[in-house]
Amino acid sequence: MTSKGRALAWQAAAVVSATAVVLYFAHNVTTNLAVRGIQFGFGFLWAKAGFDIPFHLAEWDVNFSYGRALWVAGINTLFAAAICIALSSALGLTLALMRLSGNLLAAGTSRVLIELIRNTPQLLQIVFFYFAVLQALPQMRQSVTIGTSVFLNVRGLFLPAASGEAWDWISSATIGLVVLVAVLWKRMGMVVPRLLVLPPVLIIGLVAAGFTAQWDAPVLKGFNFVGGVRVPPEILALALGVSIYTSAFIAENVRASILGVHRGQTEAAYSLGLPPGRTMALVVLPQAMRLLIPPLTSQYLNIIKSTTLGAAIAYPEILQIFARTVLNQSGRAIEVMTLVLGVFLVINLLASAGMNAWNRRLTLQGR
Amino acid sequence: MTRHPWFRALFGSKGNMIVTLLMIALFAWVVPGLVRWAFGHAVWEAANRAECIATDTGACWAFIKARFALFFYGTYPVDERWRVHLGLALLVVIGTGALFSHRRRGWWLLALMVLVPVADAILLAGGMLGLPAVPTERWGGLMLNLVISFVALAGAMPIGIALAFGRRSSWPVIRYGSIGLIEFWRGVPLLTVLFMGLVLLPLFLPNGVNVDNLVRALVVMTIFTGAYMAETIRGGLQGVPPGQAEAALALGMHGTQVQVLVVLPQALRLAIPGIINIAVDLFKDTSLVSIVGLFDLMGVVGQSVKDPAWTGLAAEGYVFAAVVFFFACLVISLGGSVLERHFSSAPKESKS
Amino acid sequence: MTSLPARALRAGRLALAAGAAMFLATTVAQAQVAPPPGPTVEAIKKRGALNCGIDTGVPGFAFQDNKGVWHGIDIDYCRAIAAAVLGDPDKVKFTGTTAAARFTVLQAGEIDVLIRDSTLTFTRSTVLGLDEVAINFYAGQGFLVRKSIGVSKAADLQGATICVITGATLELNIADFARSTGAKIGTLLFDKPEEAIAAMEAGRCDGYTDDTGSLAGMRSTLKVPADWMVLPEAISKEPLGLHIRSGDARWQKIIFWLDNALKSAEEFGVTKANADQLKSSSKDPFILRLLGAEGDTGKALGLDEAWALRAIKVAGNYGEMYDTHFGPKALALPRGQNNLYTKGGLHYPLPIR
Chain S
35 MTSKGRALAW QAAAVVSATA VVLYFAHNVT TNLAVRGIQF GFGFLWAKAG FDIPFHLAEW
95 DVNFSYGRAL WVAGINTLFA AAICIALSSA LGLTLALMRL SGNLLAAGTS RVLIELIRNT
155 PQLLQIVFFY FAVLQALPQM RQSVTIGTSV FLNVRGLFLP AASGEAWDWI SSATIGLVVL
215 VAVLWKRMGM VVPRLLVLPP VLIIGLVAAG FTAQWDAPVL KGFNFVGGVR VPPEILALAL
275 GVSIYTSAFI AENVRASILG VHRGQTEAAY SLGLPPGRTM ALVVLPQAMR LLIPPLTSQY
335 LNIIKSTTLG AAIAYPEILQ IFARTVLNQS GRAIEVMTLV LGVFLVINLL ASAGMNAWNR
395 RLTLQGR
Chain W
9 MTRHPWFRAL FGSKGNMIVT LLMIALFAWV VPGLVRWAFG HAVWEAANRA ECIATDTGAC
69 WAFIKARFAL FFYGTYPVDE RWRVHLGLAL LVVIGTGALF SHRRRGWWLL ALMVLVPVAD
129 AILLAGGMLG LPAVPTERWG GLMLNLVISF VALAGAMPIG IALAFGRRSS WPVIRYGSIG
189 LIEFWRGVPL LTVLFMGLVL LPLFLPNGVN VDNLVRALVV MTIFTGAYMA ETIRGGLQGV
249 PPGQAEAALA LGMHGTQVQV LVVLPQALRL AIPGIINIAV DLFKDTSLVS IVGLFDLMGV
309 VGQSVKDPAW TGLAAEGYVF AAVVFFFACL VISLGGSVLE RHFSSAPKES KS
Chain Z
25 MTSLPARALR AGRLALAAGA AMFLATTVAQ AQVAPPPGPT VEAIKKRGAL NCGIDTGVPG
85 FAFQDNKGVW HGIDIDYCRA IAAAVLGDPD KVKFTGTTAA ARFTVLQAGE IDVLIRDSTL
145 TFTRSTVLGL DEVAINFYAG QGFLVRKSIG VSKAADLQGA TICVITGATL ELNIADFARS
205 TGAKIGTLLF DKPEEAIAAM EAGRCDGYTD DTGSLAGMRS TLKVPADWMV LPEAISKEPL
265 GLHIRSGDAR WQKIIFWLDN ALKSAEEFGV TKANADQLKS SSKDPFILRL LGAEGDTGKA
325 LGLDEAWALR AIKVAGNYGE MYDTHFGPKA LALPRGQNNL YTKGGLHYPL PIR
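Here is the structure:
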């Protein structure tokens, strides 16, 4: 009982001293702001931005507000993060399997690549990939053309854009339905793997929707292709740079977890007559997943944070749009940086909570 | 049909053959151009970029040569550079001692964590013992990367240990406080907190108190690394069998003694691979301080291409920086694996 | 059982009281030790060095040579101020500032003056509480474009993509220009000019935009400079100059008149080489006053008489500084607006009398 009392007292003391420190800082901040004549407030978020965001998934116009710019840039960050997570997982698995494969050259290359990637700063790698991508793509007048309305050149990948009311309804309904069914698959008592059924359904639905749409094809007009959808090379370079870097770490995690699966599992699978490829896919990898999730979570969080390096290569993500342009135009350093930190914190905590939930499900399934 | 085992490993099966051929094609595509640029047509002697271009089509390494001292010492006064060498020598000697000595390893480690920082701080900053003061804005180049990584790593150890124990505490306030701190620092990009540190730290301090730019970066890097360190050490703490603590308690040691003398040393040993990974990451991350206006190696490279004599040579500068970083990180990794083997074989921890 | 929470509560209250006391104590102590930033000159003299905020590297304005020594017109201004105030041009601590942090660093009092190719705008003056005391370079935002796209003026850039660096007013100017002329110009935002220029050369954008002062220098570093041209007009006004915190009138006057002295020196033919000799031999009362041989300009500023003489002897008069960093042997940028008013430029030094 006394020890419990002491514990409470200590904790109370900790709370109080932490509060005192926070109050002390808050006091300093208010004094300093007053002395320096800096105004503090988030009212500027409603002011007109006036600048262009070159690539945006959410709607953007120069007349929108700073607050809206944060939203648009946030979507861009999430988009880049999603691509990088998918790509780095695939690359990481490939590098790990290369290293574990019998092929000397593949294992050696994988090893060298992993060391090379892990031991150089990420920023340098991203800049390197950006210029590699720009060098590899053809100039605008020599675009690679697929059909009559898909173009690939140094300015990006230009695709026709669909529009129209019927298209909007049918396509979003199809996507919504497929996602819903995918989530409820097991509960609906389905036995066939969902990957066999759902993608064709999705494609058929979208093609059907496509017939109802008006297509706006990109056309080379003046300096640029006009119309359609544009995927800029920056996103490709950022995806490559971040994914390749992270894949080196993921590869090591994957390797460790594959080696962590008991050797007896593989041998049992072999003796049941499973070929090596299927043994890996059906027996080893599912078990390795369980060991893999915690380190993988950290890597995914790292990816989300690494997308900020896109600022160096003109990918308009939060740091670039908000912590550079908006900060510079509004002069509101404290407010802007607080918002940026807050947004990243929220994204990361949500992602981490999601990964933990997945982890719990996998562990339960295993038992 | 007996083939050499190497041949079989490369071309044994259809899959292997495809992989091998793909690899060879990749190398054939990348390597010759690279070698031509970096060596075949490179220029080693020139006074400025114009001379480089006039001489040959490859890399202009003369730029690196002309700026070599700047890349390593920043603008640290020429006459005082022996202090940098001495400081580095001290670090290397004591570091090697800690790595390879079999007896009195504890003393070596203590010297590494306490004596080296203090002695090096006096050596580099000066202003006492008859050494002229060298203000930190003259520190730069690779030396700055080394200083920041070493200080951040040394400072992150106690922070990481405290937070790791805090996270395992049975007192909810301490536990949630530690979790909150760890998750906050792990949840935000280093770049943004570095910027916060640079711009906002002065606002948190009493009016009129100014903190050196470098110190601010150091504080941020140390706490940031500390949060990652905490998670790695927590992994190590979880890996220590509970029997160890129970046995120690049964021998009559009290709680704190058990944790500090029995559990922690074993946990740290288990955490070595993770700590090495953190060290490598940290060293690479020091390159980000260039963005907040400190002239580390990357900062000096970025700034060197602004000299009208050398503008337009970013590629050469960045390649050079990448090579330097690569070898420095390789040294850290190698030192780490020596350390790992030295402290008996600990199970491989993944980076967290 | 009841004693437990009660005890904890007591302990808690005690700790709270202790914490509050500590907080109060520090607040009071702080209120006593921290006066608002005092007169800047006193602080500089006490410190024995001028804290000058500069760019981390931009050709012509601030860059380091192979030995790590700073050069550039902004650097010369820093050194001239140090010479005038402290008597020694080398007593300067250069602080590299990034675009995002420059004004905050100045507000925080870490630097005494910011000379970092920065434009003063209404917002910076009012919201940030800063004063632009003098203009040491008149620039405007211009375009560097590929000749093959056949554009002769900025308004023709309708539909083009331009590479821009962030952290300056450049993006906003483009957006304003586009809105005022109805031309839609796409932008691609980079952190650093190296990447922006390289992307432009790779064909990712049709041109690059920056202050006219930087463009000419940039063009000369391209792989094939002949393929590129600087469009003749500027789409904005960028008066680059010396910023200080508002509120120190004396410091403001020193910087203001120092800038005028450097430009007057050019107007009256006082150079680095002949300044000493003119001080004793000149018959012109204006020159004698400028160099401190007559009158008491120094005393009025709280300095000694030779303040301007020392400043001029650091890197010469304004024209000499310009020639060193932007002249034919350096970046080869014509003087244009940066000439004296007598030669068609905008620099109009106020009379020192």
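Residue numbers (our numbering), protein chains in the order written: chain S, 35 to 401; chain W, 9 to 360; chain Z, 25 to 377. Every residue, glycine too, gets a C-beta built ideally from N, C-alpha and C. Computed from a predicted model, the values in this text were never measured in an experiment.
I'd like to know whether the C-beta atoms of residue i and residue j end up nearer to each other than 9 Å.
i, j, result
"Met371 (chain S)", "Phe203 (chain W)", "yes"
"Leu199 (chain W)", "Leu272 (chain W)", "no"
"Cys76 (chain Z)", "Ile139 (chain Z)", "yes"
"Leu168 (chain Z)", "Thr119 (chain Z)", "no"
"Ile279 (chain Z)", "Val129 (chain Z)", "no"
"Ile117 (chain S)", "Ala271 (chain S)", "no"
"Val374 (chain S)", "Ile352 (chain S)", "yes"
"Ala106 (chain Z)", "Trp94 (chain Z)", "no"
"Ala297 (chain Z)", "Gly340 (chain Z)", "yes"
"Thr319 (chain W)", "Val327 (chain W)", "no"
"Gly227 (chain Z)", "Val260 (chain S)", "no"
Could you check which residue in the options has the C-alpha nearest to that of residue i?
i, options, result
"Gly325 (chain W)", "S:Asn66, S:Val49 and S:Phe162", "S:Phe162"
"Gln274 (chain W)", "W:Ile241, W:Val327 and W:Ser298", "W:Ile241"
"Leu414 (chain S)", "S:Val380, S:Ala345, S:Ile368 and S:Pro267", "Since the first residue shown for chain S is 35 and the last is 401, residue 414 (chain S) is missing from the structure and cannot be characterised."
"Arg394 (chain S)", "S:Arg366, S:Ile327 and S:Ile347", "S:Ile327"
"Glu262 (chain Z)", "Z:Ala199, Z:Leu194 and Z:Asn284", "Z:Leu194"
"Gly231 (chain Z)", "Z:Leu196, Z:Leu181 and Z:Ala192", "Z:Leu181"
"Leu374 (chain Z)", "Z:Lys277, Z:Lys296 and Z:Asp347", "Z:Lys277"
"Val265 (chain S)", "S:Asn66, S:Tyr100 and S:His90", "S:His90"
"Leu314 (chain Z)", "Z:Ala250, Z:Ala108 and Z:Met242", "Z:Ala108"
"Ala222 (chain Z)", "S:Thr342, S:Ser197, S:Ala348 and S:Thr246", "S:Ala348"
"Gly103 (chain W)", "W:Leu120, W:Asp87, W:Thr28 and W:Arg111", "W:Leu120"
"Cys229 (chain Z)", "Z:Thr185, Z:Ser204, Z:Pro249 and Z:Gly241", "Z:Thr185"
"Pro249 (chain W)", "W:Gly138, W:Gln267 and W:Met306", "W:Gln267"
"Ala141 (chain S)", "S:Leu150, S:Val49 and S:Leu129", "S:Leu129"
"Met389 (chain S)", "S:Phe378, S:Tyr334 and S:Ser364", "S:Tyr334"
Pull up the DSSP beta-bridge partners for residue i, would you.
i, result
"Glu253 (chain Z)", "Sequence inspection shows Met at residue 253 (chain Z); the Glu mentioned does not correspond to that position. BP columns for Met253 (chain Z) point to Z:Val169."
"Thr119 (chain Z)", "Z:Gly77"
"Tyr162 (chain Z)", "Z:Pro263"
"Cys187 (chain Z)", "Z:Leu212 and Z:Tyr232"
"Ile139 (chain Z)", "Z:Leu266"
"Gly149 (chain W)", "W:Asp304"
"Val82 (chain Z)", "Z:Ala86"
"Val262 (chain W)", "Rather than Val, the amino acid found at residue 262 (chain W) in this sequence is His. Bridge partners of His262 (chain W): none, in fact."
Could you tell me whether any non-hydrogen atom of the ligand PLP is closer than 8 Å to the CB of residue i?
i, result
"Gly120 (chain Z)", "Looking at this structure, you won't find the ligand PLP or any other ligand, since it has none at all."
Which residues, in chain order, does the segment 131-149 of chain W contribute to contact with chain Z at a C-beta distance below 7 Å? Answer in chain order: Pro143 and Glu145.
Please name the residues in the segment 214-237 of chain Z whose beta-carbon is closer than 8 Å to at least one beta-carbon of chain S, in chain order. Interface annotation for the segment 214-237 of chain Z against chain S: Phe214, Asp215, Lys216, Glu219, Ala220, Ala222, Ala223, Ala226, Gly227, Arg228 and Asp230, criterion Cβ-Cβ distance under 8 Å.
Completely contained beta strand (DSSP E) runs for the segment 19-81 of chain W, where each covers 3 or more residues: Counting whole runs of 3 or more residues, the segment 19-81 of chain W contains no beta strand (DSSP E) stretch at all.
Going along the chain, which unbroken runs of the alpha helix (DSSP H) with 4 or more residues stay wholly within the segment 162-211 of chain W? The alpha helix (DSSP H) runs lying completely inside the segment 162-211 of chain W and spanning 4 residues or more are 180-195, given in chain order.
Sequence ranges, alpha helix (DSSP H) only - wholly within the segment 264-352 of chain Z, length at least 4: Those alpha helix (DSSP H) runs which fall completely within the segment 264-352 of chain Z and span 4+ residues are 273-291, 299-305, 309-314, 321-325, 331-339 and 342-350.
Interface residues of the segment 249-276 of chain S facing chain Z [CB-CB below 9 Å]: Listed in sequence order: Lys255, Gly256, Phe257, Asn258, Val260, Pro266, Pro267 and Glu268.
Quick check on the DSSP output: what are the complete alpha helix (DSSP H) runs of length 4 or more inside the segment 293-317 of chain S, in order along the chain? Every alpha helix (DSSP H) of 4 residues or more that sits fully in the segment 293-317 of chain S is shown, in chain order, as 297-305.
Name the residues in the segment 142-166 of chain Z whose C-beta lies less than 9 Å from a C-beta of chain S; which are they? Contact annotation: in the segment 142-166 of chain Z, residues whose CB is within less than 9 Å of a CB in chain S are Thr147, Arg148, Val151, Leu152 and Gly153.
Members of the segment 266-281 of chain W that neighbour chain Z once the beta carbon cut-off is set at 9 Å: Listed in sequence order: no entries.
Listed in chain order, which residues of the segment 219-246 of chain W have Cβ atoms closer than 8 Å to some Cβ of chain Z? The segment 219-246 of chain W vs chain Z, Cβ under 8 Å: Asn221.
Which full runs of the alpha helix (DSSP H) of 4+ residues lie inside the segment 75-106 of chain S, going along the chain? Complete alpha helix (DSSP H) runs here, min 4: none at all.
Quick one: which unbroken beta strand (DSSP E) runs of 3-plus residues sit fully inside the segment 224-269 of chain S? Chain order, please. With a minimum length of 3 residues, the continuous beta strand (DSSP E) runs that stay inside the segment 224-269 of chain S are 248-250, 253-255, 258-260 and 263-265.
Length at least 3, wholly inside the segment 146-194 of chain S: the beta strand (DSSP E) runs in chain order: If we require 3 residues or more, the beta strand (DSSP E) runs fully inside the segment 146-194 of chain S come out as 178-180, 184-187 and 190-193.
Compile a chain-ordered list of the residues in the segment 194-210 of chain W whose CB is closer than 8 Å to at least one CB of chain S. Sequence-ordered contacts of the segment 194-210 of chain W with chain S read Arg194, Gly195, Val196, Pro197, Leu198, Leu199, Thr200, Val201, Phe203, Met204, Val207, Leu208 and Pro210 [C-beta pairs closer than 8 Å].
Taking a Cβ distance cut-off of 7 Å, strictly less, list which residues of the segment 350-372 of chain Z are near chain W, in chain order. Taking 7 Å as the Cβ-Cβ cut-off against chain W, the residues of the segment 350-372 of chain Z that qualify are Ala354 and Leu355.
Short of 8 Å Cβ to Cβ, which residues in the segment 126-143 of chain S face chain Z? Listed in chain order, the positions of the segment 126-143 of chain S with a beta carbon within less than 8 Å of a beta carbon of chain Z would be empty, since no residue qualifies.
Quick one, which residues of the segment 118-143 of chain Z are near chain S if we go by CB-CB under 9 Å, in chain order? Across the segment 118-143 of chain Z, CB contacts with chain S closer than 9 Å involve Ala123, Ala124, Ala125, Phe127, Thr128, Gln131, Ala132 and Gly133, in sequence order along the chain.
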